[in-house]
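A.B. asks: The opening residue of the sequence shown carries number 1 in this note's numbering; numbering runs sequentially from there.
Here a beta-carbon is modelled for each residue, glycine too, at the ideal position from N, C-alpha and C.
Got a structure for you, written out below as structure tokens; questions coming shortly.
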Amino acid sequence: MGSLEKCDRCGGRFPAVYCYPPQGANKSLNLCKRCLEEAQAERRRQLENAVSSDPYNEEILEQLASVYSQLKNRVEQARIIAQLREAKRRRLLEAAREEKRRLEEAQAERRRLENAVSSDPYNVEILEQLASVYSQLDKRDEEAEILARLEKAKIPWLEKAVENDPQNPDLYFRLGELLIPDLSYRGNYSSSEIEKTCDAFLKAVALGLSNPISRGRAYYRLGVLKEMTPTQDLTPLGKKYLNNAIREFRLALSSNPDNVEILEHLVLVYSHQQLGKPDELAEIQARLDEAKVRKKLGSTLSSVGSHTNRSEKGISFEQKCLKLIQSMGFRAHSTKNAADGGIDIIAFSNQPLVAGKYVVQCKNWSKPVGEPIVRDLYGVVAAENANNGILISSSGFTSSAISFAVGKRLQLIDGNQLNQLSLSHQGKEVD
Ligand SMILES: [Zn+2]
Numbered sequence: 001m002g003s004l005e006k007c008d009r010c011g012g013r014f015p016a017v018y019c020y021p022p023q024g025a026n027k028s029l030n031l032c033k034r035c036l037e038e039a040q041a042e043r044r045r046q047l048e049n050a051v052s053s054d055p056y057n058e059e060i061l062e063q064l065a066s067v068y069s070q071l072k073n074r075v076e077q078a079r080i081i082a083q084l085r086e087a088k089r090r091r092l093l094e095a096a097r098e099e100k101r102r103l104e105e106a107q108a109e110r111r112r113l114e115n116a117v118s119s120d121p122y123n124v125e126i127l128e129q130l131a132s133v134y135s136q137l138d139k140r141d142e143e144a145e146i147l148a149r150l151e152k153a154k155i156p157w158l159e160k161a162v163e164n165d166p167q168n169p170d171l172y173f174r175l176g177e178l179l180i181p182d183l184s185y186r187g188n189y190s191s192s193e194i195e196k197t198c199d200a201f202l203k204a205v206a207l208g209l210s211n212p213i214s215r216g217r218a219y220y221r222l223g224v225l226k227e228m229t230p231t232q233d234l235t236p237l238g239k240k241y242l243n244n245a246i247r248e249f250r251l252a253l254s255s256n257p258d259n260v261e262i263l264e265h266l267v268l269v270y271s272h273q274q275l276g277k278p279d280e281l282a283e284i285q286a287r288l289d290e291a292k293v294r295k296k297l298g299s300t301l302s303s304v305g306s307h308t309n310r311s312e313k314g315i316s317f318e319q320k321c322l323k324l325i326q327s328m329g330f331r332a333h334s335t336k337n338a339a340d341g342g343i344d345i346i347a348f349s350n351q352p353l354v355a356g357k358y359v360v361q362c363k364n365w366s367k368p369v370g371e372p373i374v375r376d377l378y379g380v381v382a383a384e385n386a387n388n389g390i391l392i393s394s395s396g397f398t399s400s401a402i403s404f405a406v407g408k409r410l411q412l413i414d415g416n417q418l419n420q421l422s423l424s425h426q427g428k429e430v431d
């Protein structure tokens with residue numbers, strides 16, 4: 001017989017070898033045999049009470065099944081496991097009913113909004129809501145058509161917003177970005193239209209656009225717009241703008257050296273032959289290729305071992321966030337448009353207390369998302385007059401990002417919270 005141990009419950013001495021709590025019991029306690037049996041009986045009673053008042057709580061049922069397993073009570077264990085299976089079945093059934101109810105609601109909403117659009121075809125708010133309904137109903141073609149119409153509808157709307165808030169650089173930038181496709185679609189444009197577009201970008205940079213990528217893009221647009229003048233030559237001014245664009249993109253790159261988006265922008269700028277920077281073009285092109293390989297490798301590695309459903313392969317992080325938001329009862333659609341200030345998803349709620357518009361940005365990053373991104377989102381919340389800006393990060397946020405968001409119409413959701421939401425609304429983690 002080994003040495004005697006002291007029981008944490010009754011204080012009695014007992015032989016350590018014989019009575020040490022078996023695995024699964026409270027490991028931090030050292031109990032004698034009698035106290036251990038008492039503790040297990042207590043725990044069983046507590047869990048059974050909990051089950052009788054909440055018979056399909058999966059968490060409690062799982063704990064109770066494990067207690068019966070420790071007690072080697074096979075009959076009760078089997079009964080609880082059967083009940084657990086029933087609880088799962090009920091949860092899935094409920095989710096399916098909920099989904100059906102949401103789709104029916106969306107159909108009714110669709111009829112209402114289609115009517116509204118036919119009498120007011122360029123109303124931005126109605127178009128946005130209709131795009132969300134089409135997205136939820138998986139009507140891709142209809143959604144694309146509405147999004148295209150939305151682009152056009154937003155021009156007068158933003159012009160008005162600029163009038164009301166003439167010191168907001170983000171509004172000018174967004175206006176410029178909307179005017180650009182309008183110019184390039186038509187192919188023919190007057191010099192006054194180019195002037196107007198240039199003006200928007202010039203105001204945006206003069207008023208202090210905060211995001212270096214947006215600043216780079218504004219300068220790039222200005223450089224290219226100078227080329228759209230009848231001479232088609234890169235004027236000294238155009239050249240200056242392109243060099244400014246390079247400076248801004250390089251600045252953005254210094255804190256984010258593998259960012260494919262920034263590198264792509266830089267390749268675009270350096271590709272202007274009249275700029276005469278073939279060496280830089282080659283350097284950045286090589287870095288872009290490398291960054292793309294790394295990105296691909298990273299996503300392949302992270303998907304190894306995860307339970308990726310076949311049909312879900314190839315769905316982007318943004319699409320997964322969109323599906324989650326829709327499953328939470330919001331109407332939502334993705335925006336495929338640079339002019340939306342990097343906004344990935346627009347969502348609406350018609351629930352009391354939270355009714356209104358939400359702008360969502362999704363960042364599938366391995367590094368924490370920093371304050372500049374949160375700041376930009378806050379600008380969009382103001383410009384869109386949204387209830388709230390929601391930033392979803394697959395990783396986390398820097399402390400300055402978190403403190404910036406405090407007390408503002410902003411919500412930061414990190415990878416853990418995202419998985420929690422996904423578990424409770426879709427019954428699975430985000431992979
Ligand atoms: Zn004891």
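Using a 10 Å radius around the Cβ and a threshold of 16 neighbouring Cβ atoms, would you call Lys296 buried or exposed?
C.D. replies: Answer is exposed; the Cβ neighbour count stays below 16.
A.B. asks: Which term fits Gly379, buried or exposed, when burial requires 16 or more other beta carbons within 10 angstroms of its beta carbon?
C.D. replies: Counting Cβ neighbours within 10 Å, Gly379 comes out buried, since at least 16 surround it.
A.B. asks: Going by DSSP, which residues form a beta bridge with Cys32?
C.D. replies: For Cys32, which the question treats as bridged, DSSP gives no partner whatsoever.
A.B. asks: Distance check for Val133 and Ser366, CA to CA, integer angstroms please.
C.D. replies: Each residue's alpha carbon lies about 32 Å from the other.
A.B. asks: Do you know how far the Cα of Leu421 is from the Cα of Arg215?
C.D. replies: Arg215 and Leu421: Cα-Cα distance of roughly 35 Å.
A.B. asks: Tell me which residues share the same chain as Arg90 and place their Cβ nearer than 8 Å to its Cβ, disregarding the 5 neighbours each side in the sequence.
C.D. replies: Here the set comprises Tyr56.
A.B. asks: Who sits around ligand 1, taking every residue whose Cβ is closer than 6 Å to one of its heavy atoms?
C.D. replies: Having a Cβ closer than 6 Å to some heavy atom of ligand 1 are Cys7, Arg9, Cys10, Gly12, Leu31, Cys32, Arg34, Cys35.
A.B. asks: Nearest to Ile390 by CA position, among Arg9, Glu128, Gln129, Cys362, is which residue?
C.D. replies: Selected option, being the one with the closest Cα: Cys362.
A.B. asks: Which same chain residues end up closer than 6 Å to Ser349 when comparing Cβ atoms and leaving out the 5 residues on each side of it in sequence?
C.D. replies: Same-chain partners within the cutoff: Phe330, Ala355.
A.B. asks: Work out the CA separation of Glu193 and Arg375 for me, nearest whole Å.
C.D. replies: Their Cα atoms are separated by approximately 31 Å.
A.B. asks: The alpha helix (DSSP H) with Gly379 in it runs from where to where?
C.D. replies: Residues 371-383.
A.B. asks: Measuring straight from C-alpha to C-alpha, what distance separates Asp279 and Phe317?
C.D. replies: One C-alpha to the other measures close to 35 Å.
A.B. asks: In chain order, what residues of the same chain lie with their CB nearer than 7 Å to the CB of Phe404, ignoring the 5 residues before and after it?
C.D. replies: Excluding sequence neighbours, Phe404 sits near Glu371, Val374, Arg375.
A.B. asks: Hey, quick one: how far does the alpha helix (DSSP H) through Phe201 stretch, first residue to last?
C.D. replies: First-last of the alpha helix (DSSP H) with Phe201: 191-206.
A.B. asks: Which residues in the same chain as Gly305 place their Cβ atom closer than 7 Å to its Cβ, once the five residues preceding and following it in sequence are excluded?
C.D. replies: A caution first: Gly305 carries a pLDDT of 41, below 50, which makes its placement in the model unreliable, though a value can still be read off. Within the same chain, Gly305 has no close Cβ partners at all.
A.B. asks: For Ala39 and Leu418, I'd like the C-alpha separation in whole angstroms.
C.D. replies: Cα to Cα, Ala39 sits roughly 37 Å from Leu418.
A.B. asks: Tell me whether Arg85 is buried or exposed, calling it buried when 16 or more other Cβ atoms sit within 10 Å of its Cβ.
C.D. replies: Arg85 should be labelled exposed.
A.B. asks: Tell me whether Gly415 sits in a helix, a strand or coil according to DSSP, three-state version.
C.D. replies: Helix.
A.B. asks: Which residue or residues does DSSP assign as beta-bridge partners of Arg331?
C.D. replies: DSSP, once it has assigned bridges, lists Phe348 as partnering Arg331.
A.B. asks: May I have the straight-line CA-CA distance separating Leu242 from Asn416, to the nearest angstrom?
C.D. replies: Near 41 Å, if we compare the C-alpha coordinates of Asn416 and Leu242.
A.B. asks: Given this structure, state the Cα-to-Cα distance separating Gln326 from Tyr358, to the nearest angstrom.
C.D. replies: One C-alpha to the other measures close to 12 Å.
A.B. asks: Would you report the Cα separation of Ala95 and Gln426, rounded to the nearest angstrom?
C.D. replies: Straight-line Cα distance between these residues: approximately 8 Å.
A.B. asks: For Tyr241, which of helix, strand or coil comes out of DSSP?
C.D. replies: Reduced to three states, the DSSP call for Tyr241 is helix.
A.B. asks: Would you please state the rounded distance, in angstroms, between the beta carbons of Leu47 and Leu64? I believe it to be under 8 Å.
C.D. replies: With 8 Å as the limit, Leu47 and Leu64 qualify as a contact, their Cβ atoms being about 4 Å apart.
A.B. asks: Pairs of beta-carbons, one from the region 99-116 and one from the region 137-148, closer than 8 Å: are there three or more?
C.D. replies: The region 99-116, when compared against the region 137-148, does touch it at the 8 Å Cβ threshold.
A.B. asks: Arg432 and Ala386: beta carbons closer than 9 Å?
C.D. replies: A question about residue 432 goes unanswered here, because the residues of the chain that appear run from 1 up to 431.
A.B. asks: Assign Cys10 to buried or exposed, taking buried as 16 or more other Cβ atoms, counted over all protein chains shown, within 10 Å of its Cβ.
C.D. replies: Its Cβ having fewer than 16 others within 10 Å, Cys10 is exposed.
A.B. asks: For Phe397 and Val406, what's the separation of their Cα atoms in angstroms?
C.D. replies: Approximately 13 Å, taken between the alpha carbons.
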